[in-house]
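Going by the working numbering, the sequence shown opens with residue 1079, and the numbers climb by one from there. Note that beta-carbon positions come from the ideal geometry of N, C-alpha and C, so glycine has one too.
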Amino acid sequence: MRHIKKPVWIVLCVLLALGLATALFFLLAVAKTNGSITLYGNVDVRQVDIGFRVYGKITEMPFEEGDFVASGDFMACIDSQPYADQVEKAYAQLQAAQFSLANAEQIFARRQELVGEGGVSLEDYENAKT
1079 MRHIKKPVWI VLCVLLALGL ATALFFLLAV AKTNGSITLY GNVDVRQVDI
1129 GFRVYGKITE MPFEEGDFVA SGDFMACIDS QPYADQVEKA YAQLQAAQFS
1179 LANAEQIFAR RQELVGEGGV SLEDYENAKT
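See the structure below:
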């Protein structure tokens, strides 16, 4: 060891001091955390696509993006006006068909009476029958 020069001893002492300082720093840092650590990062979003049996404009959605939604929870309300309009239209068509049926039954009954008296041809009676 006598052959090692003085500057080498200084470098070795500095490296040893840095190593001890680093070890001491990490030991104290672990002692301060009490075994817990804090990490920063991003969490991937768990996304589920939802669908409806009917299409339409959503008028109400009682939750915000990121809220927890359990199975069976009310998720959205769709505008019912287009469907109410379709129901009204179908009801009007039903009433018109019922009126046409009643009118056709009256015409048939009149022609049935008149065919026996000779007031209506058999062809007109058959047309009213169908």
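query	result
Which one or two residues does DSSP pair with I1136 in a beta bridge?	I1156
List the endpoints of the continuous alpha helix (DSSP H) containing V1120.	Before going on, a small fix: residue 1120 reads as Asn here, not Val. Neither: N1120 is in no alpha helix (DSSP H) and is coded neither H nor E.
Write down the C-beta distance between R1189 and A1206 rounded to the nearest angstrom, noting that I regard them as a contact closer than 8 Å.	4 Å
When the Cα atoms are used, what is the spatial distance from Y1203 to A1170?	30 Å
Does G1097 come out as helix, strand or coil in the three-state DSSP assignment?	helix
Going by DSSP in three states, S1178 sits in which element: helix, strand or coil?	helix
Where does the unbroken alpha helix (DSSP H) through E1201 begin, and where does it stop?	1200-1207
Following a CB-centred definition, is V1123 positioned closer than 7 Å to any heavy atom of the ligand MN?	As presented, the structure is devoid of all ligands, the ligand MN included, so that no description of it is given.
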